[in-house]
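Here is the structure we will look at.
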Amino acid sequence: MCSTNERCQCVAYRYRCSEDDDACTEGELINGATKWEYNLVTEAACQEMQADYSSNIFSNVTCCSTDECNRPHDIKCIQL
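For the sequence shown, the working numbering begins at 445 and goes up steadily by one.
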């Protein structure tokens, strides 16, 4: 993962639900649903995700490195 030798980047992307994915319901699996994911990965992993268009696993991949740059746009955050 991230270290002094391997920089990290934020990433936002869509992915297709698969059988081994606990984040997807049975209905989403049956219908081949896609979901958004917001994460932190190495720069190399993010570039690989952007380049891997043929797999149909990842789409709309955005790599960024500023604070909260991969924050979901359609979700309102509240302070507790």
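Note that beta-carbon positions come from the ideal geometry of N, C-alpha and C, so glycine has one too.
Small disclaimer: the values here were computed from a predicted structure and weren't measured.
{"Query": "When the Cα atoms are used, what is the spatial distance from L524 to E481?", "Result": "Any reading at L524 must be qualified, since the residue scores a pLDDT of 48, below 50, and its modelled position is unreliable; no value is offered."}
{"Query": "Can you list, in chain order, the residues of its chain whose CB lies under 6 Å from that of E450, leaving out five sequence neighbours each side?", "Result": "T486"}
{"Query": "Quick check on the burial criterion: 16 or more other C-beta atoms within 10 angstroms. Buried or exposed for M445?", "Result": "exposed"}
{"Query": "Counting C-beta neighbours from all protein chains within 10 Å, is the total for N475 16 or more, i.e. buried, or is it exposed?", "Result": "exposed"}
{"Query": "Helix, strand or coil: which one does DSSP assign to C490?", "Result": "helix"}
{"Query": "Using CA coordinates, which residue listed in A495, C452, A477 and E470 is at the minimum distance from R458?", "Result": "A477"}
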